Every structure is written in structure tokens, then in C-alpha cells.
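Down below is the structure, laid out as C-alpha cells.
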Amino acid sequence: MSTSGSSYCANLGRQIMRNLAMVGDVMRRRAAGCMAGIYLLFVILASLFPAAFTHHDPTATSPSEKLLAPSALHWFGTDQLGRDVYTRVLYGGRETIVASLLALVIAVVGGLIIGVIAGYAGGWVDAILMRTVDVLLSIPYLLLAITIITAIGFGTIPVALAIGVGLTPSFVRTTRSQVLRVRERAFIDAARVNGASSFRIMVSHVLLNSSGPVGVLAILNFGGVIMSVATLSFLGFGAQPPAAEWGSLINAGRDYLLTAPWLSLLPGLVVVLCALSMTVIAQIIEERQRG
Numbered sequence: 001m002s003t004s005g006s007s008y009c010a011n012l013g014r015q016i017m018r019n020l021a022m023v024g025d026v027m028r029r030r031a032a033g034c035m036a037g038i039y040l041l042f043v044i045l046a047s048l049f050p051a052a053f054t055h056h057d058p059t060a061t062s063p064s065e066k067l068l069a070p071s072a073l074h075w076f077g078t079d080q081l082g083r084d085v086y087t088r089v090l091y092g093g094r095e096t097i098v099a100s101l102l103a104l105v106i107a108v109v110g111g112l113i114i115g116v117i118a119g120y121a122g123g124w125v126d127a128i129l130m131r132t133v134d135v136l137l138s139i140p141y142l143l144l145a146i147t148i149i150t151a152i153g154f155g156t157i158p159v160a161l162a163i164g165v166g167l168t169p170s171f172v173r174t175t176r177s178q179v180l181r182v183r184e185r186a187f188i189d190a191a192r193v194n195g196a197s198s199f200r201i202m203v204s205h206v207l208l209n210s211s212g213p214v215g216v217l218a219i220l221n222f223g224g225v226i227m228s229v230a231t232l233s234f235l236g237f238g239a240q241p242p243a244a245e246w247g248s249l250i251n252a253g254r255d256y257l258l259t260a261p262w263l264s265l266l267p268g269l270v271v272v273l274c275a276l277s278m279t280v281i282a283q284i285i286e287e288r289q290r291g
């Protein structure tokens, strides 16, 4: 075989290997995305409609069945009061997921409103709002959330409100950057010429054309918000006993890590898998946005 023929075969072999690697990577990503989507769908449905996925009462105690290991009857075992841990995870998931969604809604709505006003108005309005945002961004948002909760009280709603307020500055910055790009478009000038008010332009044109990246940012942050809600609940800022949240369930099992590790490990695994699944889906969405 000639040198050129050998070189051609070598190049062809490398190209085939690259294509196979690319196909394998796509298949792995699709498989990971499907698994993440299925898991999240189950968790969301089971958390929003827990009675359809378990027949146990989350608050019913049974001292004779306390600290039972996971089994066919009690998938996640039982706690120190004989309550079914799997059931409490499902009912606690409703609190955690609803709080996470509420926090994101607060952050998105607040970010859109303030970001549109800052970007469209410009001048001293933009300067004051963005300097305030810069100050808030310099504070870790969990620390800011804890400060807010300390001021307004404990509970699921205060946790959601605090996290939402803490996340709002990042959504303000993203919205403003989009508004600065959109407000120079020709259709904005056309709306002004046609006599549209500033309020109508902001709502009908600027807000509408700036909300896409903010929605993507919300999806990217959802996994982190779930972890934040669970963290604050773990620290005792969330729903108080006998109500259950994922973080409080993990915290309740700390004293039994050696004798009944499932009390903390299994709820913790649910939270981690939820956050990882959201990260996988967010990465896929981000790649498609770039592509």
C-alpha cells in the first residue's frame, strides 16, 4: 500500500472514531436527559399529589415500628416515632418544591420589573437601581436570605420570600442587559413614533422581548434553589414540626446516623438527585440556546 493510501486510511479511521465518540456523547446526553426528566417528573407528581403514591399518614406515629430499616412495607424505613419516612419525604417534597417555585416566581417577577425600569429609563434611575443591585450581589444570597428570615419569622413562605428576594439582583442584571439590547431596535422607535406611551412600550415590547433569557436563567437556578430551601429548612428556618420538609427530615436523622442512617441519607439522596437532574436539564437547555 502506498504512503498516500496509508495516510488516507489513518485519517479515515480517526474520522470514524471521532464520529463514533460524538454519537456516543449525544446518546449519553440524551439518556442522561431522559433519566433526569423522568426522575423530576416523578418527584414533582409524587410531591404535589402524595396521596396517590403512598397510603401512609405522614404524621401517624407507631412506637412499635420505630427505626425500622427500609423494606417492602416501608421503602425508606421508619423514623424514631414510627412514621413512614418515604411518605414524609413525599409530603415534605410538596413544601420544598412549592417554596422553590415561589422563590423563583418572586425573583423572576422582581427581576423583570426592576430590570426593565432600569434598562429602559436609564440615567439616574438606572444608576440608583444598579448600584443597589451591586451592593446586594456582593452579599452571599443565603446570608441575605437568613437575615430576611430573622426579620420576618420562620416558615415555608418566609423561606421562599427570602430566597426570592436574595436571587432577584441576578435576574435584574440579566433583564437589564437584555433591555439595553432591545430598546435600540427599530420597532421600539416605531412604537414611539406611533404615540405609544413609555409604559406600553415597556410592557408590550421591551418586557416581551427580554423575558426569554430570564426564563432560561430561572431553569438554570431551579436546582440551586431547591438546595437552598433544603439548607434553610435543615438549619431550622423552614416549616416547624410535625410538618416535614426535605431539609428538616435530613436534620431529624442526625442523631441516628450510626444506628439508622436511612433517616438522613435517603431524604438527602432525593434532594441531591433532584438538584443533579435539574443541572443536567439546564445544561441541555443552555447548549441548545448556544447552538
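Position 30 of the sequence shown, counting from 1, maps to 30 under full-length UniProt numbering, and the rest follow consecutively.
Heads up, the beta-carbon is just placed ideally off N, CA and C, and yes, glycines get one too.
Everything numeric in this text was worked out from a predicted model, so none of it was measured.
| Check | Outcome |
| --- | --- |
| Contacting residues, own chain, Cβ-Cβ under 7 Å from A99 (five flanking each side not counted) | T156, V159, A160 and V229 |
| Option in G253, V109 and T175 with minimal Cα separation from residue 292 | No information on residue 292 is available, as it lies outside the stretch 1 to 291 that the chain covers here. |
| From W246, D255, E287 and A275, residue whose alpha carbon lies closest to that of A87 | It is worth fixing the name first, because residue 87 is Thr in this sequence and not Ala. Here the closest residue by C-alpha is W246. |
| Coil, strand or helix - T59 by DSSP | coil |
| Neighbour-count burial assignment, G111, 16 or more Cβ in a 10 Å radius | buried |
| Beta-carbon gap between N251 and F234 smaller than 7 Å | yes |
| CA nearest to the CA of S138, picked from I188, G166 and H56 | G166 |
| Coarse secondary structure for T96, derived from DSSP in three states | helix |
| Coil, strand or helix - T78 by DSSP | strand |
| Cross-strand partners of D84 (DSSP beta bridge) | T78 |
| Status (buried if at least 16 other CB within 10 Å, exposed otherwise) for M22 | Residue confidence for M22 is low, a pLDDT of 46 falling below 50, so the modelled location carries little weight and cannot support an answer. |
| Test item: CB-CB of T132 and G223 under 7 Å | no |
| Cβ-based neighbour list, N209, same chain, cut-off 7 Å, excluding 5 preceding and 5 following | V182 |
| Same chain, Cβ closer than 7 Å to G153, neighbours up to 5 away in sequence not counted | none |
| Cβ contact (3+ pairs, closer than 8 Å) linking the segment 268-283 and the segment 30-40 | yes |
| Any non-hydrogen atom of the ligand PLP within 6 Å of G224 CB | Annotation note on the ligand PLP: not contained in the displayed structure, which lists no ligands. |
| Element boundaries [alpha helix (DSSP H), containing residue 327] | Nothing in the structure corresponds to residue 327, since the chain is present only between 1 and 291. |
| Sequence-distant residues of the same chain with beta carbon closer than 8 Å to V206, five excluded per side | V116, G119, Y120, V179, V182, R183 and I188 |
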